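Notes to accompany the following structure.
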Amino acid sequence: MPRILLIDDDEHLAAPLTTYFARFGCTLDSAKRPSEGIAKLRAGHYDAAILDVMLPEMDGFELCREIRKESDIPIVMLTARGEVMDRVVGLELGADDYVPKPFEPRELVARVQTILRRQRSAPAAAAAAANAQLRVFDGLSIDLDRRQVTRHGERVELTGTEFDLLALLAGEPGKVFSRDDILNRLRGHEAELFTRAVDIVVSRLRKKLEPLDCIKTLRNAGYALAVAPGEPSS
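Numbered by my numbering, the letters in the sequence shown go through residues 34 to 267 in order.
Here's what the structure looks like:
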């Protein structure tokens, strides 16, 4: 049964959401303050976290940044206004998805389920497409089974969305994937199309893979992995 942590100081939100998530086979724990939420994430295993933007102690964006220093757990942001800038900031900090308030509980459950389903299925799907569990390029190794990436032999910590994007591109090196292709493959048809999100995740991934310059942008077309085959890094 997946365990989800909700960090939100709204006293009227946790109880009904806990009941609603239970209907779909998920355990929802809650914390009202960021410090309490971080402590719970460190103490127990959770499959995803839901963060409100408006929080005491620190806002949800700062909390997302702090969590990303220690964990690649999937994160869904709850944005009070649903403005594009809130979405952009959250995604740039490493969030995997966003849900604007007010929201229907079923939508939130669906977004979380989509992320969890993608994480479970991505390694097998990527491996089947590539017909290999290990993709090796010049200076870059992608272990699809363990969901691990090394750059010149050093481990690169990626979020679930970042890894899924890299695995998708590595499955067919040189193939150009449009933004819509990437959204449909990684986020599922249930998610609202938001093409700027793809650019943000690509930007994050490129920074983490530096000095490798292996993700190419083809203007008005999309993205492709452009790197030569190589030997496994030792």
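Every residue gets a Cβ at the ideal spot worked out from N, C-alpha and C, and that includes glycine.
These figures come from a predicted structure and were not determined experimentally.
| Asked | Found |
| --- | --- |
| Which of helix, strand or coil DSSP assigns to Thr192 | coil |
| With 16 other Cβ atoms within 10 Å as the buried cut-off, status of Ser63 | buried |
| Which of helix, strand or coil DSSP assigns to Glu187 | strand |
| Span of the beta strand (DSSP E), counted from its first residue to its last, around Asp130 | Asp130 to Pro133 |
| Sub-8 Å separation of Asp197 and Leu219 beta-carbons | yes |
| Contacts around Lys65, its chain only, beta-carbon distance under 6 Å, and the 5 residues preceding and following it disregarded | Asp42 |
| Distance, Leu258 Cα to Thr192 Cα | 18 Å |
| Contact under 8 Å by Cβ, Leu199 with Ile233 | no |
| Test item: CB-CB of Leu50 and Leu38 under 8 Å | no |
| Terminal residues of the alpha helix (DSSP H) in which Ala259 lies | Premise fails: Ala259 is in no alpha helix (DSSP H) and is neither H nor E. |
| For Leu96, the three-state DSSP class (helix, strand or coil) | helix |
| Three CB pairs or more closer than 8 Å across the region 91–109 and the region 134–151 | yes |
| Contacts around Val209, its chain only, beta-carbon distance under 6 Å, and the 5 residues preceding and following it disregarded | Leu251, Ala254, Gly255 and Ala257 |
| Start and end residues, alpha helix (DSSP H) containing Phe57 | First-last for Phe57: undefined, no H or E at that position. |
| Beta-carbon proximity list for Arg98, same chain, < 6 Å, skipping 5 on both sides | Leu126 |
| Beta-carbon proximity list for Tyr131, same chain, < 6 Å, skipping 5 on both sides | Met110, Thr112, Arg120 and Gly123 |
| Separation of Pro244 from Arg75, as counted between CA atoms | 32 Å |
| Beta-carbon proximity check, Arg36 vs His78, cutoff 8 Å | yes |
| Option in Arg153, Gln152 and Leu84 with minimal Cα separation from Lys134 | Leu84 |
| is_contact[Val189, chain C] using C-beta, thresh 8 Å | Any reference to chain C falls outside this structure, which holds one protein chain only. |
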